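The structure appears below as structure tokens.
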Amino acid sequence: MQEKALITVIGEDRVGIIAKVATLLAEANVNILDISQTITGGLFTMIMMVDITHCNLEFEALKKSLSDLGAQLNLKIEIQHENIFRAMHRI
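Be aware that the sequence shown starts at 904, since it is given in this note's numbering, and climbs by one per residue.
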């Protein structure tokens, strides 16, 4: 069974955001299942559904790596387990 997580990225648009996030995920052996990205008025937003089943990092280490990348790029990058996300947004 797949272990899925949701990644959100928000910040000022610039060249290479998707490439840098995807590179970090590939190096951690995380598979991107779905991606949605929008740019509105210079604001970049992206949501990714990823498979972390075979990730070579512990979840907290992956979370820190994404947060650190966000700090380098002046973006907010967060990751949440899919089941936690769904539980928080259940009506």
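Backbone N, C-alpha and C define an ideal beta-carbon position, used for all residues, glycine too. For clarity, every value in this text was computed on a predicted model and none was experimentally measured.
(message) If contacts are defined as beta-carbon pairs under 8 Å, then ALA931 and CYS958 qualify, I think. What distance do you get, rounded to the angstrom?
(response) For the purposes of this step, residue 931 is taken as the residue at position 28 of the sequence shown. For the purposes of this step, residue 958 is taken as the residue at position 55 of the sequence shown. So it is a contact: roughly 5 Å between Cβ atoms.
(request) Locate the beta strand (DSSP E) running through THR943, then write down its first and last residues. (result) Looking up residue 943 in the sequence shown gives position 40. 934-943 is the span of the beta strand (DSSP E), which, as asked, contains THR943.
(request) Label ALA974 either buried or exposed according to how many other C-beta atoms from any shown protein chain fall within 10 Å of its C-beta, with 16 as the threshold for buried. (result) Your numbering for residue 974 matches position 71 in the sequence shown. Exposed, since its Cβ has fewer than 16 Cβ neighbours within 10 Å.
(request) Classify ALA964 as helix, strand or coil using the three-state DSSP reduction. (result) Looking up residue 964 in the sequence shown gives position 61. If DSSP states are grouped into helix, strand and coil, ALA964 belongs with the helices.
(message) Given a cut-off of 8 Å on the beta-carbon distance, is the pair ILE935 and VAL953 in contact?
(response) For this step, residue 935 is matched to residue 32 along the sequence shown. For this step, residue 953 is matched to residue 50 along the sequence shown. Yes, these two residues count as a Cβ contact at 8 Å.
(request) Identify whether VAL918 lies in helix, strand or coil by the three-state DSSP scheme. (result) Taking the first residue of the sequence shown as 1, we reach residue 918 at position 15. Residue state, collapsed to three classes: coil.
(message) With a threshold of 8 Å between beta carbons, is ILE982 in contact with chain B?
(response) This model lacks chain B altogether; it includes just one protein chain.
(request) Could you check which residue in LEU909, ALA929 and ILE950 has the C-alpha nearest to that of GLN983? (result) As a working mapping, residue 983 is identified with position 80 in the sequence shown. The shortest C-alpha separation from GLN983 is found at LEU909.
(message) Taking the beta carbon of LEU946 as the centre, do at least 16 other beta carbons fall within 10 Å, making it buried, or is it exposed?
(response) Numbered from its first residue, the sequence shown carries residue 946 at position 43. Under a 10 Å Cβ-count criterion, LEU946 is classified as exposed, with fewer than 16 other Cβ atoms of the shown protein chains found around its own Cβ.
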